[in-house]
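Visitor:
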Amino acid sequence: MGSIAWKVLATVTGIAAGRVATKLTTSGWKAATGGKPPTGRHDPDHSAARIAVFTLVSTAVTTTLKAYAERKAADYYTRSSGQLPPPVAKQQQKAAAKAAKKG
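Residue numbers 47 to 149, in my numbering, belong to the letters of the sequence shown in order.
#1: Taking DSSP as the reference, what is the three-state secondary structure of PRO132?
#2: Give the DSSP-derived three-state secondary structure of ASP178 in the structure shown.
#3: From VAL103 to LEU130, what distance separates their C-alpha atoms?
#4: Looking only at its chain, what residues have a beta carbon closer than 8 Å to the beta carbon of THR108, apart from the 5 residues adjacent to it on each side?
#5: Take the Cβ of THR85 as the centre, count every other Cβ of all protein chains shown within 10 Å, and call the residue buried at 16 or more, exposed below.
#6: Indicate whether TRP75 and PRO132 have their beta-carbon atoms separated by less than 8 Å.
#7: With H, G and I counted as helix, E and B as strand and the rest as coil, what does DSSP make of THR85?
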């Protein structure tokens, strides 16, 4: 049951972080440039340089927020269940096995 709970929690927080990131980058772009952000890589209303800048910024914001949200979800899961989320526990087991082989 823990694996299913973790998957639901991670999915919900990932979706929420993605939506927040989209709103944040859109409003940030509007505040910085006074115009709408590019709608895609072929948007004729924006230069290739502007599209590249928007892509880099929005990717950085989205990745950062999703990582933060996943970390907070993992902390919540650990406090609630008393154990690490399954993917984290699996990573720790692999790291311990690798360290044992070297040592």
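We put the CB at the ideal spot given by N, CA and C, even for glycine. Only a predicted model underlies this, so the values are computations on that prediction, with no experimental measurement involved.
Guide: A quick look at the data gives this:
#1: helix
#2: The structure shown does not extend to residue 178, since the chain is modelled only from 47 through 149, so no value can be given for it.
#3: VAL103 and LEU130 have their alpha carbons spaced roughly 32 Å apart.
#4: ALA63, GLY64, ALA67, THR68, THR71
#5: exposed
#6: no
#7: coil
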